[in-house]
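The letter at position 60 of the sequence shown is residue 93 when you use our numbering, and the numbering goes up by one with no holes. Where a beta carbon is used, it is the ideal one built from N, C-alpha and C, also for glycine. No experiment lies behind these values; they were computed from the predicted model shown. Let me begin by presenting the structure, written as structure tokens, before commenting on it.
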Amino acid sequence: MRFNPCDTPVTGQTTDLWDRPLYLISGTTSSRSDDGSSPRIVLQRPFVYFGHSYNQIYMNHNGHLTFASPWYRYTPQQFPLHGSRDIIAPFWTDLDNRGNGQVIYNQYTNGNVLQQATQDINAYFPGLHFNANWVFVATWYQVAYFPTTGTQTTVQAVLISGGHYSFVLMNYGIIAATTRNIQAGYDTVGSAHHFTIPGSFASNATGINSVFRLSSNVNVPGRWAFRTDNGSRGCTYNGKSRTKGDHYRYFFSYTNVDM
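Right, dumping it as structure tokens:
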């Protein structure tokens, strides 16, 4: 099923559904199912994730991506898991797209999305002279929490590859309030590399003052950027380099934005 943003009225966002910090929302819509997953998605370019090169991915409905197989876990656990899977989790919690919202994914190998990714990565990681040749955008668009149909939360994971480099962006739009726990960040097999976005498992993770929407490690409120290839592990935060496996239970500062 293809998602056509022109068929969907969007309040408070641009009609083409490209509103900072979100990337373009378009592509294939996953089925409506609680605790479901997309079919196996064959990647048009290999994606290197901390030493492992993957040619497939699964977009799981509960706010995470996995590579080897779908994963239906809806109760978040704090990273590091010390488990047997690589996971990218912009918003791991119990989501339900049966009543409202869409789980949408797309791949790009040319055009404006690649240009935007190239510009963003060179701004966040200067000196690499990076050129994106592939972008995968996974969007949980206006999805509800289980079982509260009607709540609307929008988050993204953007995978970017070019040459020997790979990156992940996590973008946060409107985050509906909930009392559920949220785990945001990434983890790897055996947790050799992991990161928890500050605000995970915190009372201010969601709602109008969601720390995910207000905070950033690249000075773009609502966006977190990570390098995920064999090069430098982790990211920069507050102007300082952070190494692999760093786990931040408290964020250092965040930028307020107009709500």
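{"Item": "Just to confirm my understanding: we take R53, look at its own chain, exclude 5 residues before and 5 after, and list those with CB closer than 7 angstroms. What are they?", "Value": "none"}
{"Item": "Taking S70 as the reference, give the member of S59, L55, R78, T99 with the closest Cα.", "Value": "T99"}
{"Item": "So S63 packs on H94, CB below 8 angstroms; how close in whole Å?", "Value": "7 angstroms"}
{"Item": "Cα separation between S265 and W257?", "Value": "Here the model assigns S265 a pLDDT of 47, short of 50, so the residue's position is not dependable, and the following value carries that caveat. The alpha-carbon atoms of S265 and W257 are separated by roughly 16 angstroms."}
{"Item": "Taking 8 angstroms as the threshold (C-beta atoms), are G218 and A122 in contact?", "Value": "yes"}
{"Item": "Excluding the 5 residues preceding and the 5 following Y205 in the sequence, name in chain order all residues of the same chain whose CB lies nearer than 6 angstroms to its CB.", "Value": "V188, F245, R246, G255"}
{"Item": "Please confirm if the region 114 to 131 is in contact with the region 219 to 229, defined as three or more CB-CB distances below 8 angstroms between the two stretches.", "Value": "yes"}
{"Item": "Tell me the rounded alpha-carbon separation between G84 and T61.", "Value": "28 angstroms"}
{"Item": "Report the rounded CA-to-CA distance for N237 versus S243, giving the unit in angstroms.", "Value": "6 angstroms"}
{"Item": "Report yes if the C-beta distance between T239 and I207 is below 8 angstroms; otherwise report no.", "Value": "no"}
{"Item": "Looking at the structure shown, is V136 part of a helix, part of a strand, or coil, going by DSSP?", "Value": "strand"}
{"Item": "Which runs of the beta strand (DSSP E) spanning at least 3 residues fall entirely within the region 124 to 172, listed in chain order?", "Value": "135 to 141"}
{"Item": "Compute the Euclidean distance between the alpha carbons of P109 and F169, then round it to the nearest angstrom.", "Value": "24 angstroms"}
{"Item": "On the DSSP letters alone, give me the boundaries of the beta strand (DSSP E) that G244 sits inside.", "Value": "First, the amino acid is wrong: residue 244 is Val here, not Gly. It is not in any beta strand (DSSP E) - V244 instead sits in the alpha helix (DSSP H) that spans 244 to 247."}
{"Item": "Could you check what DSSP says for G195 in three-state terms: helix, strand or coil?", "Value": "strand"}
{"Item": "Can the beta-carbon of Q30 be found closer than 8 angstroms to that of W173?", "Value": "The shown model of the chain, from 34 to 292, leaves out residue 30, and the question about it has no answer."}
{"Item": "Would you kindly work out how many angstroms separate the C-alpha atoms of R213 and D153, rounded to a whole number?", "Value": "32 angstroms"}
{"Item": "With three or more C-beta pairs closer than 8 angstroms as the rule, is the region 191 to 203 touching the region 129 to 136?", "Value": "no"}
{"Item": "For T229 and S248, what's the separation of their Cα atoms in angstroms?", "Value": "13 angstroms"}
{"Item": "G144: buried (16+ other C-beta within 10 angstroms of its C-beta) or exposed?", "Value": "exposed"}
{"Item": "Using the three-state DSSP reduction, which class does G218 fall into: helix, strand or coil?", "Value": "strand"}
{"Item": "Using DSSP's beta-bridge definition, name the partner residues of A19.", "Value": "The structure shown does not extend to residue 19, since the chain is modelled only from 34 to 292, so the question has no answer here."}
{"Item": "Determine the burial state of I241: buried for a count of at least 16 other Cβ atoms within 10 Å of its Cβ, exposed for fewer.", "Value": "exposed"}
{"Item": "With DSSP as the reference, label S66 as helix, strand or coil.", "Value": "coil"}
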